[in-house]
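Colleague:
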Amino acid sequence: MTSTKEKTLHVDHLDFRELSFSRLFRDYLAGADTISGFYSHPHTYDSLKKAVTSYKVRSDRTETARIIAEFNEPFLQGQSVDELAGILAHKDTVTITTGQQLSLFGGPLYTVFKTISVIHLARSLSRDTGRRVVPVFWLADEDHDFEEISVANVPERNSIRKISLPCETCARHAAGTLRVDEAFENFRSEIYEALNPTDFREQLISMLDDSYAPGRSYREAFALLLSKLFSRYGLIFAGSNDPLVKRHVTECIRTAIGRADEIRDALASQSERLDKHYHQQVQITDSLLFWHDDEHGRVRLQHGDGHWQTGSGLSLSTDALLQKLEETPERFSPNVFLRPLIQDVLLPNAAYIGGPAEIAYYGQMKPVYELFDMKMPFLAARLSATLVEPAIQRFLEELPFDFSDYTRRFEDLEQHYLRSFGNPELDDHFDTWKKRVDALTDEMTGLTGMEDPGLQKHARAISKEYSKSIDKLKKKMVNAIRQKEEVQVNRIRKVKHALFPNDRLQEREVSHIYYMNKFGVDIWDRILQELEERDQDLFDRHFLIHL
Numbered sequence: 002m003t004s005t006k007e008k009t010l011h012v013d014h015l016d017f018r019e020l021s022f023s024r025l026f027r028d029y030l031a032g033a034d035t036i037s038g039f040y041s042h043p044h045t046y047d048s049l050k051k052a053v054t055s056y057k058v059r060s061d062r063t064e065t066a067r068i069i070a071e072f073n074e075p076f077l078q079g080q081s082v083d084e085l086a087g088i089l090a091h092k093d094t095v096t097i098t099t100g101q102q103l104s105l106f107g108g109p110l111y112t113v114f115k116t117i118s119v120i121h122l123a124r125s126l127s128r129d130t131g132r133r134v135v136p137v138f139w140l141a142d143e144d145h146d147f148e149e150i151s152v153a154n155v156p157e158r159n160s161i162r163k164i165s166l167p168c169e170t171c172a173r174h175a176a177g178t179l180r181v182d183e184a185f186e187n188f189r190s191e192i193y194e195a196l197n198p199t200d201f202r203e204q205l206i207s208m209l210d211d212s213y214a215p216g217r218s219y220r221e222a223f224a225l226l227l228s229k230l231f232s233r234y235g236l237i238f239a240g241s242n243d244p245l246v247k248r249h250v251t252e253c254i255r256t257a258i259g260r261a262d263e264i265r266d267a268l269a270s271q272s273e274r275l276d277k278h279y280h281q282q283v284q285i286t287d288s289l290l291f292w293h294d295d296e297h298g299r300v301r302l303q304h305g306d307g308h309w310q311t312g313s314g315l316s317l318s319t320d321a322l323l324q325k326l327e328e329t330p331e332r333f334s335p336n337v338f339l340r341p342l343i344q345d346v347l348l349p350n351a352a353y354i355g356g357p358a359e360i361a362y363y364g365q366m367k368p369v370y371e372l373f374d375m376k377m378p379f380l381a382a383r384l385s386a387t388l389v390e391p392a393i394q395r396f397l398e399e400l401p402f403d404f405s406d407y408t409r410r411f412e413d414l415e416q417h418y419l420r421s422f423g424n425p426e427l428d429d430h431f432d433t434w435k436k437r438v439d440a441l442t443d444e445m446t447g448l449t450g451m452e453d454p455g456l457q458k459h460a461r462a463i464s465k466e467y468s469k470s471i472d473k474l475k476k477k478m479v480n481a482i483r484q485k486e487e488v489q490v491n492r493i494r495k496v497k498h499a500l501f502p503n504d505r506l507q508e509r510e511v512s513h514i515y516y517m518n519k520f521g522v523d524i525w526d527r528i529l530q531e532l533e534e535r536d537q538d539l540f541d542r543h544f545l546i547h548l
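Just add 1 to the spot in the sequence shown (first one is 1) and you have the working numbering.
1) Have a look at the DSSP bridge pairing and note the partners of Asn350.
2) Pull the bridge partners of Ile237 from the DSSP assignment, please.
3) Any idea what DSSP makes of Glu157, helix, strand or coil?
4) Let me know the secondary structure DSSP gives Val82 once reduced to three states.
5) Mind pulling the alpha helix (DSSP H) runs of 4 or more residues that sit fully within the region 23-79?
6) Can you tell me which residues form a DSSP beta bridge with Ala386?
7) When the Cα atoms are used, what is the spatial distance from Asp413 to Thr442?
8) Assess, as a yes-or-no matter, whether the region 182-198 is touched by the region 510-522 under the definition of 3 or more beta carbon pairs within less than 8 Å.
9) What would DSSP say about Ser4, mapped onto helix, strand or coil?
10) Measure the Cβ-Cβ separation of Gly356 and Leu380 and say whether it is below 8 Å.
11) Which class does Gly314 belong to by DSSP, given the choice of helix, strand or coil?
12) Go to Val119, then tell me how far its beta strand (DSSP E) extends in each direction, as first and last residue.
13) Between Phe411, Val134, Arg509, Ala31, which has its C-alpha nearest Gly107's C-alpha?
14) Could you tell me the distance, in whole angstroms, from the CA atom of Tyr56 to the CA atom of Ala351?
15) Leaving out five residues before and five after Ser232 in sequence, what residues of the same chain have Cβ atoms less than 6 Å from its Cβ?
16) On the three-state DSSP scale, how would you describe Ile164?
17) Among the residues of its own chain, which have a CB less than 6 Å from the CB of Arg248, if the five just before and after it don't count?
18) Is Arg535 helix, strand or coil when you go by DSSP?
19) For Phe201, collect the residues of the same chain with a Cβ closer than 8 Å to its Cβ; drop the 5 residues on either side in sequence, then sort them by chain order.
20) From what residue to what residue does the beta strand (DSSP E) around His14 run?
21) Spatial neighbours of Gly450 within its chain, please: CB distance less than 7 Å, with the 5 preceding and 5 following residues excluded, ordered by chain position.
22) Would you check if the region 528-535 and the region 111-120 touch, i.e. whether three or more CB-CB distances between them fall below 8 Å?
23) Does DSSP put Ser196 in a helix, in a strand, or in coil?
24) For the region 144-154 and the region 363-381, state whether three or more C-beta atom pairs, one from each stretch, are separated by less than 8 Å.
25) For His293, which residues of its own chain have a beta-carbon under 7 Å away from its beta-carbon, when the five flanking residues on both sides are left out?
26) Mind the definition here: the region 197-213 touches the region 221-240 only if three or more C-beta pairs lie below 8 Å; say whether that holds.
27) Pairs of beta-carbons, one from the region 490-503 and one from the region 395-413, closer than 8 Å: are there three or more?
28) Is the region 417-431 touching the region 449-467, taking contact as three or more C-beta pairs under 8 Å?
29) Closest to Val337 by CA distance: which of Leu290, Ala70, Arg27 is it?
30) Got a sec, what are the start and stop residues for the beta strand (DSSP E) Ser334 sits in?
31) Assess contact between the region 90-104 and the region 133-145, defined as three or more Cβ pairs (one per stretch) separated by less than 8 Å. Is contact present?
32) Would you tell me roughly how many angstroms separate the C-alpha atoms of Glu398 and Lys163, rounded to the nearest one?
33) Just how far apart, CA to CA, sit Ile264 and Gly305?
34) Where Ser313 and His297 are concerned, what is the direct C-alpha to C-alpha distance, given to the nearest angstrom?
35) By the three-class DSSP mapping on this structure, what secondary structure does Phe373 have?
36) So, are the CB atoms of Leu348 and Ala239 less than 8 Å apart?
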């Protein structure tokens, strides 16, 4: 892989309290008393090591290991299925897992930040516990939110170019089954057009073309791209939209059907408790399952009065639904609460690495794990970071704002700057001017003996017009200051756009391929190396990574 000129990354940190992260997430990382009862482990590295060292494999894993290894066959880079199956079947092997939707071309930055997190923690834990810890990326191949995965955002001059792939029928199908087709080629062309010419563009496009080849499924394409970037670190993949996987986890689905009322009540009770202190991330439904209908696609299975129904007309008793499970387990699909349980049945999973929203909904799940006779894994926060380009860093050093100030609207930053570097008391002076005009009008109305109501009204109108003229004069003064400070105002705009595009965290908005194109396809290797050299353990602050 072509490398850029070696350059040491500089890393700063920012407390999550200075950014728009939920109180639940912040309290979980801080170990607040009000949050501890909703999770199985405190968020400390010692607790994570204990979760790994104490993890016990519940049964013989030979069959499961073979299923996962064969699932990975299309993505293996220099490793055989037999070799991987042997590693996964070993009694001392554990996994730590992260996951994400199958966003086209890899999605926003947080996709690679999750991947970097699981790889880094797996390496650290292997070293510190003596167990083999395998990093796993869970492919959300049964997700149906096509609108979210079909968008890529590429920065342009002080704006974001939103590139999307339209498809009216795609939302009916699991994302993992969709394929790179003719419509995708238009999306591909628009993405490539948005990537500026750089020394790395050709290599990046070759990697994207190899991964997203015509006819390939979105699941395979997404995993191949991440595999090209990270397989040498031992990253493997798992997912549930696979007949062998579904057959293997039928007992988990059977429990979700047979104990649906208990599960719903447990979720509702836990969520109500959580809501008293924080917020409920995911709304509770009657069941944890979807049904795949040939005509209507995925439909929610609704449960009540001993029967299961769908909006497409299916109506079955619990016994009849269990019979359907035995015959066609591939027709069943987990919701957000069942997916972690299926994941932990399939994998020897000691920990899950997630973002604030995932950690929040896991807080609703502890009693559900207990109903399934399972222990909730350790929950580790993923790397949360902002990448700071060299030019942006220079502007940051020149401008009078801290990083967290840029969470404010650009217009507010601009006004603050112009007031500070023009006349800080400009607003007060003009307000005083208008008040004095009003007071003088009242005074002179009295001194002149102006008793006629019509004349008094006319005098007030003159005063009002004078105030409007003062406002116009103030606006002209502000514009004069703005023109004088135009260079700095434009720099404020550039910094705001680079750090918080569309007023959102950069990691949630910008496609990771933008940075690969500008700084090299090995940019993620350099960040991993920096974390290794820093002996980083858990990610309990927001990182500012200066490129």
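Glycine residues also receive a C-beta, built at the ideal position from the N, C-alpha and C atoms.
Modeller: According to the structure shown:
1) DSSP, once it has assigned bridges, lists Thr96 as partnering Asn350.
2) Its beta-bridge partners are Val137.
3) Glu157 carries a strand assignment under DSSP once its states are collapsed to helix, strand and coil.
4) Collapsing the DSSP output to three states places Val82 in a helix.
5) For the alpha helix (DSSP H) assignment, the uninterrupted runs of no fewer than 4 residues enclosed by the region 23-79 are, from N- to C-terminal side, 24-31, 46-54, 63-72.
6) DSSP output for Ala386 lists Phe544 as bridge partner(s).
7) Going from the Cα of Asp413 to the Cα of Thr442 covers about 34 Å.
8) At 8 Å Cβ cutoff, the stretches touch.
9) Caution is warranted here: a pLDDT of 41 is assigned to Ser4, below 50, making its placement in the model unreliable, and the coordinate value is therefore given only provisionally. DSSP places Ser4 outside both helix and strand once states are collapsed to three, so it counts as coil.
10) At least 8 Å separates the beta-carbon of Gly356 from that of Leu380.
11) In this structure, Gly314 counts as coil in the three-state DSSP scheme.
12) Looking at the DSSP string, Val119 is not in any beta strand (DSSP E); the run it does join, the alpha helix (DSSP H), is 110-130.
13) Each of Phe411, Val134, Arg509, Ala31 was checked against the Cα of Gly107, and the nearest Cα belongs to Arg509.
14) Looking at the two C-alpha atoms, the distance is approximately 6 Å.
15) Non-local C-beta neighbours of Ser232 in its own chain, meaning closer than 6 Å and more than five positions away in sequence, comprise Gln78, ordered along the chain.
16) For Ile164, the secondary structure class from DSSP, reduced to helix, strand or coil, is strand.
17) Same-chain partners within the cutoff: Pro330.
18) In this structure, Arg535 counts as coil in the three-state DSSP scheme.
19) Within the same chain, and ignoring the five residues on either side of Phe201 in sequence, the residues whose Cβ sits closer than 8 Å to its Cβ are Thr3, Thr5, Met517, Asn518, Lys519, Phe520, Gly521, Val522.
20) 11-15 is the span of the beta strand (DSSP E), which, as asked, contains His14.
21) The answer is none, since no qualifying residue turns up.
22) Taking a contact to require three or more Cβ pairs closer than 8 Å, the region 111-120 and the region 528-535 qualify as touching.
23) Rather than Ser, the amino acid found at residue 196 in this sequence is Leu. Coil, per DSSP.
24) As far as the Cβ criterion goes, the region 144-154 does not touch the region 363-381, which means the pair count is below three.
25) When the five nearest sequence neighbours on each side are left out, the beta carbons in the same chain lying within less than 7 Å of the beta carbon of His293 are those of Arg299, Arg332, Ser334, in order along the chain.
26) Contact between the region 197-213 and the region 221-240 is present: three or more C-beta pairs spanning the two stretches fall below 8 Å.
27) Per the Cβ contact rule, the region 490-503 is in contact with the region 395-413 (3 or more Cβ pairs under 8 Å).
28) With a cut-off of 8 Å, the region 449-467 and the region 417-431 do not count as touching, because too few Cβ pairs lie within range.
29) Put simply, of Leu290, Ala70, Arg27 the residue whose alpha carbon is nearest the alpha carbon of Val337 is Leu290.
30) Unbroken beta strand (DSSP E) run through Ser334: 333-335.
31) By the C-beta criterion, the region 90-104 is judged to be in contact with the region 133-145, since at least 3 inter-stretch pairs fall below 8 Å.
32) Answer to the nearest angstrom: the Cα atoms are 30 Å apart.
33) Their backbone Cα atoms lie some 13 Å apart in a straight line.
34) Between Ser313 and His297, the alpha-carbon positions lie close to 7 Å from each other.
35) In this structure, Phe373 counts as coil in the three-state DSSP scheme.
36) Taking 8 Å as the Cβ cut-off, Leu348 and Ala239 qualify as a contacting pair.
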